[in-house]
Structure formats: structure tokens, C-alpha cells
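**Q** I'd like to ask you about the structure that follows.
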DNA sequence: GACTTGACATGGA
DNA sequence: CTCCATGCCAAGT
């Protein structure tokens with residue numbers, strides 16, 4: 032591909048690629064772990080487009096093979112919105128099924144469940 | 001074609 | 001850590 036690394040999503044590129052890359056990034060998330068929108072956005076080279084991540088996921092609708100339920104916000108909580116018809120609660124239920132403990136405040140221990148990509152060449 | 005909304009993030013108080 | 005205000009990009013109206 033080697034497209035122009037303008038630092039922002041290729042405007043000329045196909046939008047499908049955006050969601051595609053998103054899924055490609057979300058797919059490798061292991062069982063029982065979660066990733067933040069910011070993480071996904073940065074991984075696809077779209078830092079600051081975390082909002083767009085949620086947009087793409089929403090347009091997918093259920094059922095979806097993508098591990099969308101493993102994507103949460105940087106606050107360590109599941110983003111809930113009335114516009115989702117309660118799918119947010121489904122996400123919480125799915126996370127619980129994976130053994131992820133969720134606080135009464137719907138907060139998750141990112142420090143324990145946050146997924147770490149192999150981008151860390153040194154530690 | 002312009003304004004509003006949205007499953008967000010960051011910075012300052 | 002929590003709350004308020006601002007910035008980001010794309011789809012919907």
C-alpha cells in the first residue's frame with residue numbers, strides 16, 4: 032500500500048478500508064481483554080478519530096463477528112447511549128461472559144484487562 | 001451544500 | 001480522580 036502518510040486517514044482512499052482496518056485491528060484482541068477507541072484509532076493511523084471508530088461499529092449493527100464488545104473508551108468504561116437501543120448492555124454482558132469484572136459503575140480495570148499490541152518493541 | 005449529532009480524547013480547574 | 005470546555009472526523013438530516 033505505502034500510501035501517503037499524511038498522518039490522517041487517506042481522504043482519497045476508500046471508506047471501506049477504514050472500517051476494514053478497524054476490524055483488522057479489533058479482531059486480534061484476545062479473549063478476556065479489551066482495547067480503547069483511542070488505541071484502535073492510533074493503530075490504524077487515525078489518531079484523534081476515536082469517534083469515527085464508534086461510528087463504524089454502529090453502522091455494522093448486530094450480529095457481527097467483530098469483537099466490538101472488546102472496544103471501550105479510555106475511561107475504562109463501556110460507552111452507553113440511548114441511541115443504541117440497549118446494545119451497550121449487551122456489550123457489558125459479553126464482557127462479563129469473558130470473565131471481565133465490571134465495577135458497579137460500569138468501570139473496567141484497564142490496568143488488568145487492557146490489551147497490549149506487539150507495537151511495544153521494548154519494555 | 002451547511003448544520004447537527006455521535007459507541008471519544010485531551011487539557012485545565 | 002472528577003467535571004467543564006474544546007477539538008477531531010464522518011454520517012445523517
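Numbering (my numbering), first residue to last: 32 to 154.
The beta carbon of each residue, even a glycine, is placed where N, CA and C say it ideally should be.
Considering only the alpha carbon of each residue, which of 137, 129, 140 and 68 lies closest to residue 61?
**A** Among 137, 129, 140 and 68, the Cα nearest to that of residue 61 is on 129.
**Q** If residue 77 and residue 69 are in contact, beta carbons under 8 Å, what's the gap, nearest whole angstrom?
**A** Not a contact, Cβ separation roughly 10 Å.
**Q** Would you tell me roughly how many angstroms separate the C-alpha atoms of residue 143 and residue 66, rounded to the nearest one?
**A** 11 Å
**Q** Can you list, in chain order, the residues of its chain whose CB lies under 7 Å from that of residue 74, leaving out five sequence neighbours each side?
**A** 56 and 148
**Q** With residue 73 as the anchor, note down where its alpha helix (DSSP H) starts and where it stops.
**A** 68-74
**Q** Restricting to Cα atoms, I'd like to know which of 107, 88, 84 and 114 is closest to residue 126.
**A** 107
**Q** Could you work out which residue in 71, 122 and 146 is closest to residue 137 when comparing CA atoms only?
**A** 122
**Q** By Cβ distance, which residues of its chain are closer than 8 Å to residue 115, with the 5 residues on each side in sequence left out?
**A** 89
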